[in-house]
Amino acid sequence: MVSLVGRPLHYVIKIGDRQKSYDFYVGTMGMKILRHEEFTEGCKAECNGPFNGQWSKTMVGYGEEDDHFVIEMTYNYEIGGYTKGDEFHGLYVDNKEVFDRLTSSGASCWDEDRRLRLRDPDGNSIFVGGGTTGTPTISKLALNVKEIEKSVAFWSGLLSMKVESKDERVAVLSHGKTSHPWVLQLNSIGKVVDRASAYGRTAFACETEKLAPLELAVKTACGTVLKPLVSLDTPGKATVHVVILADPDGHEICFVGEEAFRELSKMDASSDGVMQKAMKEDWSGQWFKKGKKTI
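Just so we're aligned: the sequence shown equals residues 69 to 363 in the numbering used here.
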């Protein structure tokens with residue numbers, strides 16, 4: 069087993085309408101655009117899914133990935149929507165100010181823990197609690213799995229995550245320490261997970277020298293390596309190395325080399341304006357009027 073000192077980075081979601089997603093995450097949730105990049109062809113690691121056309125990547129959250137877990141929104145220009153499965157349960161935000169602002173503006177859909185439950189324009193659930201003060205943070209990612217024991221064996225055994233709690237239906241794990249605590253929650257739904265076309269991806273950083281041994285360890289354990297170790301270029305920015313894995317339920321997991329990613333992930337103060345400009349020039353608005361395709 070490879071001993072990893074990992075750091076949680078972000079969860080990747082596919083979006084169909086950048087303006088609606090911007091309005092929700094920035095306007096409603098109060099997050100910031102951390103960086104935005106445009107690409108003319110598909111990602112070698114399929115960050116944007118199995119598509120090879122023009123796409124963009126937008127990082128959004130309450131703070132930089134150095135100490136915050138954030139969201140990566142990938143947008144394929146020719147696609148207006150994706151079919152939801154049941155692999156993703158939700159992201160959890162903790163902050164009294166965000167909670168109070170949402171309730172005062174009329175949000176009133178509650179989950180079983182008395183958290184607000186909101187859905188973004190693509191149907192992804194965001195659970196908001198008001199138990200903490202200070203800087204807001206995305207404190208938890210919850211994914212659905214078929215069997216708790218099998219999933220925990222993978223995430224804790226191969227990926228070195230610490231099991232914080234576990235019963236027959238729910239397990240909570242942590243991976244690395246940050247100034248804003250973050251956990252992964254695995255919920256057993258007792259059946260094969262349907263990832264459909266809207267499936268996401270969880271990203272962690274680790275030392276670059278650990279990536280090849282990690283890939284080998286997963287192969288040796290008869291696990292799934294979706295994309296062998298590869299380098300990814302971002303125009304004008306650092307080149308990072310990544311390996312893409314899948315857990316027993318097919319959840320995609322990206323491990324990226326820490327050293328180069330620290331440079332790549334720095335917040336770009338101009339990114340909000342860059343995204344606004346890209347949305348203004350995006351011809352796909354005409355495609356929506358004519359019936360932009362959903363897959």
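All residues carry an ideal CB built from backbone N, CA and C; glycine is no exception.
Note that the structure is a prediction, hence the values are computed from the model and not measured.
Please state whether the Cβ-Cβ distance between residue i and residue j is less than 8 Å.
i	j	result
Ser124	His104	yes
Leu313	Leu294	yes
Cys322	Ala266	no
Leu279	Gly325	yes
Met347	Arg86	yes
Ser207	Asp162	yes
Phe156	Gly84	no
Leu282	Val311	yes
Pro316	Ser219	yes
Leu102	Ser338	no
Pro189	Tyr130	no
Where does residue i land, buried or exposed, given buried means 16+ other C-beta within 10 angstroms?
i	result
Thr307	exposed
Asp168	exposed
Gly95	exposed
Pro303	exposed
Leu284	exposed
Cys290	exposed
Glu320	buried
Across which residues does DSSP place residue i in a beta bridge pair?
i	result
Met127	Arg103, Glu140
Phe272	Pro76, Phe323
Lys361	Ile147
Phe156	Leu211
Gln36	Lying outside 69 to 363, the shown extent of the chain, residue 36 is not represented and no answer is given.
Ile81	Met141
Phe195	Tyr160, Arg185
Leaving out five residues before and five after residue i in sequence, what residues of the same chain have Cβ atoms less than 8 Å from its Cβ?
i	result
Ile257	Asp154, Asn212, Val213, Lys214
Arg121	As written in the sequence, residue 121 is Gly, which differs from the Arg given in the question. So the qualifying residues of the chain are Glu109, Gly110, Asn144, Tyr145, Glu146.
His309	Thr276, Leu279, Leu297, Val298, Ser299, Leu300, Val324, Gly325, Ala328
Can you give me the Cβ contacts of residue i inside the same chain, cut-off strictly under 7 Å, excluding the 5 residues immediately before and after it?
i	result
Arg185	Cys177, Trp178, Asp179, Ser193, Phe195
Arg183	Phe195, Val196, Gly197
For residue i, collect the residues of the same chain with a Cβ closer than 6 Å to its Cβ; drop the 5 residues on either side in sequence, then sort them by chain order.
i	result
Ala273	Arg75, Leu77, Val324, Glu326, Phe329
Arg237	Ser256
Glu132	Met335
Thr292	Ala314
Leu252	Leu209, Leu241
Trp223	Met229, Leu241
How about the stretch 194-201 and the stretch 137-154: do they share at least three Cβ pairs that are nearer than 8 Å? Taking 8 Å as the limit for Cβ pairs, the verdict is that the stretch 137-154 does not touch the stretch 194-201.
Touch check for the stretch 231-242 and the stretch 336-348: three-plus C-beta pairs under 8 Å? No, because fewer than three Cβ pairs between the stretch 231-242 and the stretch 336-348 fall closer than 8 Å, the two stretches do not touch.
Specify whether the stretch 76-88 and the stretch 127-146 touch according to this definition: at least 3 beta carbon pairs, one from each stretch, less than 8 Å apart. The stretch 76-88 vs the stretch 127-146: in contact.
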